[in-house]
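Residue numbers (the working numbering), protein chains in the order written: chain A, -15 to 376; chain B, 1378 to 1939; chain C, 55 to 234; chain D, 56 to 634.
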């Protein structure tokens, strides 16, 4: 990410120097130990910390030893100071973290064998790394609500560890503030107003909460029960909707998209997406997709491809409730269609001149395609009658 | 955009006008919200109470089409109060003295009278924007003046004086020196995934790739040479709306549409349909049988962006690589393959022979390599360099790192030119017969003509049906209740949809998104007044009336204010 | 004030015309509809209405322009707020440390047994609510109970039961007489 | 109004009081009110009114707490040039006797014969009422209600913060002025720079009385040195600690003292706005503080250009809605901002980024109430009280199994033994002292062998407890310690905000372990586990609530291990719970 790169243009570069795990690290004033460590590929266990969100400090997993401090201190909120000496890994810290994870799983079921998040769950990762097979405490599930009230995501509160990332992303980034903590203490949970359905809240279904959720508390509906994380193929590309150009990653199994998510290296959007980008990909497999070139029935008849003559109905296609393309068109092979187009274009150019042809390119096609399209008109046909929907 | 999306979060003041950012560009709205949470001031100028207003420190609710008075008055106030950036004006711009005189008549009082925005709000907006004032917290930047960014979208450009509007915003930014620095600038938010790229690559009536004017003989001939010919057409072509007229008149006989749906997206649909029906040849190349496809002679199935590779250029001029995720269904092919095939076959039919291959490319990468040869702003790019974060134009040679911020130190044309602008009112004003103003736009869950989003299960679940936003008073005038049917009529047509009674629109204005084929907004919009330069139709203002289909009551004549 | 002034509010009275809302409106007006006054407004609502209803929260949310989820979150965080109407009579048992060591639990148990309900509940007939308080700050008089707003110190389970039964029976009799 | 004018008001009030034949002080603190002080006060008022002729030379003053809450309602009678007398457990009938004993019905006033003492609170029949008063004069029942002012309960106390409580009318600014009120403020505004004020507080050795004991002078200096347009002072009156009511009493009995301390602090740090965050359960304290703010504003003590100087200060009350965690600074700030009272990670400390991100001083009521005296009498005077590291006095709410319970103020360094046996009068009945719990749910239990420990910040911390805000509960041997620890643990479970894992889940697990032990199902290894878990919650919790939540368990485990052992080894011999 180069998000803060631009700041430095007017600012003098000042650096602090500190030691993390024996490694000398330079960082800007105001950055935290967590940020400095991550920037230098030093991985500190963390659950509630998220680089795009404000610091919470609730999970206590990111504790480190600071020289001169009596107790382990969370690194997520710890401002770097010149000359600081930090230890992120040692036996004592390992044990502390182990105890913390032990407590986490005292209220989080370890049914990873059937969990959709297995493989990308942060808690699972740390439980594994710290050799926690089950809790040593009395297991009790304080949150049991299972809310499956929308086609975007499922909220399964039993897996919620109250890291609050979803609440923060909803407030600090999306600005919707559809969810917040409700209740307190052991009864504390993440709630919509009155624990009602998502649609009745201020939710805009951007799914950024799902994106930042470290456990299976929030999962896309589209992937539920469809495959394990490690079986999925992942392809990064750019969203096809608006002009922001968000990078996203599709997770597929057997050639079928199971879900989309942003990746932290997205140059424009980081880990954020909107509802269209994250959930609006299923149109691609809609049965109404055009799958073969087609000629209108009257054209096909003229060419002797169909037996019945046909005329274009006078009624506007907008007035037809559910128009069916097969009623008016017949499929043909590519050669037939392309030759027909080339023929007719050539005839028009010959008869009426190049300026009798108009081309409409597309703001949703690639640069290469638009380039070729305008070249066709300018070089192939010889006209500048060439526009696209930039203005619409 | 002159600046970067990521810079927005560090801005001290953000001025959004004519953009429903939270719904049309949610991810950019996230950056704005981050800035606001850090203490930036957010000023929103819009006729509608768009969702971003919830986060705004100042909301100027100008009557539709009157915002130009507010902008001019803001500059008037800046000069009066000495908030202009004298040093910047002296060093970096020209034409200021002439420009200065034109502002005199645009007092905030006059703007207030025209727009309904209180004088105090205009003055506050001028102060906050000019000085880059924060609401709270510390600026990310050093210096006496904070950094202010302007964000705008179609609310500014889809107007009969859209070019003037854009120039006004540029004047505003130059006046305060809020350009050429991070987190400043004049930033149009572009609505479609590759609208920037389509412009960059020359899919416009007046420019070749890289904004080289068709009338510029030297540049045109250079391109011609690369393409293996001596010269290319040097006259400006017909824009979409002009072409529809020309078609109706029989001047245009064949139209090749690639991935567009003019039946939904062009103004005055009835006229569009009439024109399209007259064509000898209408080729529609699309992924779905769009409303336009039903009028086509030939339909060519294209691959969706999820199914092909190539590059997109985003609103901040970033060229990024897209990759195929899915297999195209059936016989569907990438558009570049189809266009190439047509061109190749057309050459043969026309008996043209080329020395080198011009149409049949082995890959998009090969096309891109040719593209960069004729497009100076892309000259330093190739697919390999785009891996990762992409590159931002201008990128003029292979060492060039790309350009995050335009006009740093120097404007592209040298000195920034102040262009005097006179305020013009929208072409079609409400009158006794059509007393209301219709504004069109988008909603969060749908995109453009709805071809994709209305076929997406989750998105359509949230908003399966269209609606028109009506102010409670206007609804009460014809006894229409929330969620009930209502007919909207203009001089060009009528549509029926359900009413959503809301105070988000001011009295006298209704809002209808153009996603719904059941209630196509463009049946109503006008196509007679285009911006003289950009040829953009005035989607944002047209005169309409409402009718209650049950009682046949119609919107009454407006009561004169004052 | 460092708190940010946001866009001017569209202030509208509650459509029900309930006078208690007018009183709530006064409180909000006093705080100039600042978002920061949420807690104060909720406290005032609790005082005026006796409990917090969903409708009330929605009204406050729209008036102060505070997200509904935040209003709900704040209301469920603090002990002061109750979401169901209290009984006709209510008895608050202090369970502060001083009262605890002097046997407050036994008072709670006795009342629970008498009325067949847990602390924090209201009887089915809406006649009596048993409430537990963390500390009412009258530790010198431990154990302390507050019956219908009246503080009683140095109590015993028997005496409290008797007091409560008295007021409840009286109310019941009055009701019966009215019905007759 | 300026300083001189203010002083005139004070002098006038002093003169008026000096002319009186006597004054009767009736405690109307919450504790006494609930014991019937309201009726007592009315009776005193009426009796004084009818016992004298045209000019009232005696007045009845409604005061705040006099300390001896277990003997409420408490009345103090002061005759001109005579020693004062204190009466406990007063009822309306005894009130008549107090009036008639000290201020007999004047001979000249007519009366009729009556055998019946008038029990009515309002004298419908004045002559009859007078007769009953005169009869009451002869009665001697009152003697057993006399509380000796020579009792160690009083003599062992040193009253700084409480010097005027019980002697002034909290609702009258004039009375506060007559007792030297706002002299401290006048002194700093007239003669001291903000820096000097901070230095004075630093040198006095005053430490935060809310529990952690951070030196107030240092805290103030941090805020003073911050460059910011806006700074705030918050007075924390959200006393959430069960069994403690010091701050409440101070606010009820001497509200102007709190305001004055707050304003001196504001001047010292450069703040011009302050909030008093008061527990919602303290309606009387809220009312009295609000009255005090109104009166101060009326007299030009609060507001723009305080007393004609360039210093401006506004104060406002914010009501706490019942969350113990809001005693934590950052949670309190969130609460004042109208949010959920969840603490945030520190640093940044509130002194850098507090209320609405502005530099903010937060001190509790008692700390602020010390300030006027320190300024008036000087740092050295204050530093002479107490021990080397813990200066001054500390107010405790002394409760539990004691003869005398109530509010006391003692010099730092006094031993627990003195508090329990001298001031508290020892354990009633045939029971033995078992432990003293200081610091409420965040503190620990101190067993009998440490009775001679001096009460100061360091010594208590060393014993595994804390000074806390001043709750001091004495328990006798009828209480079993695991049960007592469980009581506090349940409190913390209930009050945990839920933000950080150790506190949210850890406290629940500790409570469950205690349950298991108390029910007799515990295994020996459970004790080790309990200990480990407590230490983990202590070291890894986000805020003070979680960090100190295990203290009651840890301290009882340390000092009363045998009780836990018995639970594991032979649970049948233990009768759990409070006897």
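Ideal placement from N, C-alpha and C gives every residue a C-beta, glycine not left out. Please read all numbers here as calculations on a predicted model, not as lab measurements.
For residue 1871 (chain B), the beta-bridge partners assigned by DSSP are B:1866. Here the C-alpha atom of residue 405 (chain D) lies approximately 27 angstroms from the C-alpha atom of residue 351 (chain D).
With a contact defined as Cβ atoms closer than 8 angstroms, residue 370 (chain D) and residue 283 (chain D) miss out at about 19 angstroms. Not one beta carbon of chain C lies nearer than 8 angstroms to the beta carbon of residue 505 (chain D). Against residue 94 (chain C), the close residues of chain D are 373, 374, 393, in the order they occur along the chain (beta-carbon pairs closer than 8 angstroms). Counting along the chain, residue 151 (chain D) sits inside the alpha helix (DSSP H) bounded by residues 147 to 157. Against chain A, a Cβ distance below 7 angstroms from residue 1691 (chain B) picks out 227, 228, 229, 252. Taking the Cβ atoms as the reference, residue 80 (chain A) lies roughly 6 angstroms from residue 56 (chain A), within the contact range of under 8 angstroms. When Cβ-Cβ separations below 8 angstroms define contact, residue 210 (chain C) makes no contact with chain A.
If you draw a straight line from the Cα of residue 1727 (chain B) to the Cα of residue 286 (chain A), it comes to about 22 angstroms.
Cβ proximity to chain C below 7 angstroms picks out 161, 162, 163, 164, 165, 166, 167, 168 from the segment 155 to 169 of chain A. For residue 346 (chain A), there are no neighbours in chain C by C-beta distance under 7 angstroms, as the nearest C-beta there is about 39 angstroms away.
Secondary structure at residue 177 (chain C): coil, using DSSP grouped into helix, strand and coil.
Residues of chain C whose Cβ lies closer than 7 angstroms to the Cβ of residue 528 (chain D) are, in chain order, 151, 152, 155. For the set B:1463, B:1697, B:1682, the Cα lying nearest the Cα of residue 1706 (chain B) is the one of B:1682.
Assignment of residue 134 (chain A) by DSSP, reduced to helix, strand and coil, places it in the coil class.
Distance from residue 530 (chain D) to residue 492 (chain D) at the Cβ level is roughly 7 angstroms; contact confirmed, criterion being Cβ atoms closer than 8 angstroms. Interface flag for residue 211 (chain A) against chain D is unset, since no Cβ pair is found closer than 8 angstroms. In chain order, 1673, 1674 make up the part of chain B whose C-beta sits under 7 angstroms from the C-beta of residue 280 (chain A). Residue contact with chain C for residue 186 (chain A): present (Cβ-Cβ distance below 8 angstroms to some residue of chain C). Closer than 8 angstroms to the CB of residue 128 (chain A) there is not a single CB belonging to chain C. Around the Cβ of residue 1932 (chain B), a 10 Å sphere holds 16 or more other Cβ atoms; the residue is buried. Along the segment 478 to 504 of chain D, going in chain order, the ones with a CB nearer than 9 angstroms to a CB of chain C are 492, 495, 496. In this structure, the CA atom of residue 1814 (chain B) is about 30 angstroms from the CA atom of residue 228 (chain A). Using a Cβ-Cβ cut-off of 8 angstroms, residue 84 (chain A) counts as an interface residue toward chain D, since at least one Cβ of chain D sits closer than that to its own. At a beta-carbon threshold of 9 angstroms, the residues of chain C lying near residue 175 (chain A) are 123, 126, 127, 130, ordered along the chain. Counting only Cβ-Cβ distances below 7 angstroms, residue 178 (chain A) has contacts in chain C at 108, 126, in chain order. Here residue 229 (chain C) is exposed: its Cβ has fewer than 16 other Cβ atoms, across all protein chains shown, within 10 Å.
Rounded to whole angstroms, the gap between the alpha carbons of residue 1869 (chain B) and residue 95 (chain C) is 52 angstroms.
The beta carbons of residue 1623 (chain B) and residue 1651 (chain B) sit no closer together than 8 angstroms. Each of B:1831, B:1455, B:1474 was checked against the Cα of residue 270 (chain A), and the nearest Cα belongs to B:1831. Within the segment 35 to 87 of chain A, the complete beta strand (DSSP E) runs of at least 3 residues fall at 47 to 50, 69 to 71. DSSP, read as helix, strand or coil, puts residue 603 (chain D) in helix.
With respect to chain C, the C-beta atom of residue 535 (chain D) has no partner C-beta closer than 8 angstroms.
Between residue 139 (chain A) and chain B, the shortest Cβ-Cβ separation is not below 8 angstroms. For residue 188 (chain C), the closest Cβ of chain D is nearer than 8 angstroms.
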